[in-house]
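Notes for the one structure printed next.
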Amino acid sequence: MFNLILFGPPGSGKGTQSEKLIEKFGWIHLSTGDLLRKEIANASQLGLEAKAFIDKGQLVPDEVVIGMIGSALDANPNAKGFLFDGFPRTEAQAEALDNLLAGKGSEISLVLALEVSEEELVARLLNRGLTSSRSDDRDENVIRKRLQEYHNKTAIVADYYAKFGKVAKIKGEGSIDDIFRLLVAKIEAKQPA
Ligand code: ADP
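Numbering follows this note's numbering, in which position 14 of the sequence shown is assigned residue number 6; successive positions increment by one, without gaps.
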């Protein structure tokens, strides 16, 4: 099984590149942001609770997203691999993910970290807010709060995996296809196609 974490700040292109990667490699795409938005759309209890955090630009509590990922892993016992997008976002989530995968005799294979300048991130998110149905992209204060949460709680997740030599950094600015080719090259270097 190949388990990839696509890592990077909000607006770094994780969602866009994830779609292309799962199409090419046939993995299961697990985006905690998408899973939470589905819960909100269904007006579930979990969704209502999560929305209060998301609308303030804060992270949703660890146990909520860890529970969702645990269920999603169990629901796909025959997957050839998973692409984690927007998860793990804290060190506690990273440790929980390692434990969940170890319980299945597996582990994280590679972390690809997209690097994009702060200015470019804010511009991309505000631009996405013009057309997206996501309330958290429309307000510059919420965008700034998300970036702050990333720096305070999420950036260290890359250090956690770097200790195990699993992280490769990719410049996330340029054309979508060029960035995709860089990601694919790193994956194929680890897992011959
Ligand atoms: P982006 O990375 O563009 O901000 P996401 O769709 O990944 O967008 O996440 C949107 C929001 O959902 C986040 O700001 C956060 O509130 C919540 N969220 C998503 N994934 C997680 C996670 N792993 N842990 C905590 N909160 C999360």
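For glycine and all other residues, C-beta sits at the position ideal for the given N, C-alpha and C. Here the structure is a predicted model, which is why all the values come from computation and not from measurement.
Start and end residues, alpha helix (DSSP H) containing residue i
| i | result |
| --- | --- |
| I100 | From DSSP, I100 is part of no alpha helix (DSSP H); its letter is neither H nor E. |
| K12 | 6 to 17 |
| L51 | That residue, L51, is in no alpha helix (DSSP H); it is neither H nor E in DSSP. |
| G121 | 110 to 123 |
| D169 | 168 to 182 |
| Y153 | 147 to 154 |
| A94 | 83 to 94 |
| G3 | First-last for G3: undefined, no H or E at that position. |
| D128 | No alpha helix (DSSP H) contains D128, which DSSP labels as neither H nor E. |
Residue range of the unbroken beta strand (DSSP E) whose run includes residue i
| i | result |
| --- | --- |
| L(-4) | -6 to -1 |
| V159 | 159 to 163 |
| D77 | 73 to 77 |
Neighbourhood of residue i by C-beta distance below 6 Å, restricted to the same chain and skipping five residues each side
| i | result |
| --- | --- |
| D26 | none |
| D129 | L117, R120, G121 |
Residue-chain proximity (residue i, chain D), Cβ-Cβ < 8 Å
| i | result |
| --- | --- |
| D26 | Here there is only one protein chain, and chain D is not present. |
Cβ shell of residue i (< 8 Å), same chain only, five flanking positions each side left out
| i | result |
| --- | --- |
| Q50 | K137, E141 |
| I162 | L104, A105, L106, E107, I171, L174, L175, K178 |
| G164 | G0, S4, G5, L106, E107, V108, I171 |
Straight-line gap, residue i to residue j (C-alpha atoms, nearest Å)
| i | j | result |
| --- | --- | --- |
| G97 | E55 | 22 Å |
| A186 | G59 | Within the shown structure, residues of the chain are numbered from -7 to 185, placing residue 186 beyond reach of any answer. |
| L28 | I100 | 23 Å |
| E180 | F17 | 10 Å |
| L190 | V57 | This structure cannot settle anything about residue 190, because the visible part of the chain is limited to -7 through 185. |
| L75 | I61 | 11 Å |
| I135 | G7 | 17 Å |
Take every Cβ of the region 111 to 128, pair it with every Cβ of the region 59 to 79, and state whether three or more of those distances are shorter than 8 Å.
no
Quick one: any contact between the region 70 to 86 and the region 147 to 157, if contact means 3 or more CB pairs under 8 Å?
yes
Touch check for the region 8 to 19 and the region 138 to 150: three-plus C-beta pairs under 8 Å?
no
Between the region 110 to 119 and the region 15 to 24, are three or more C-beta pairs nearer than 8 Å?
no
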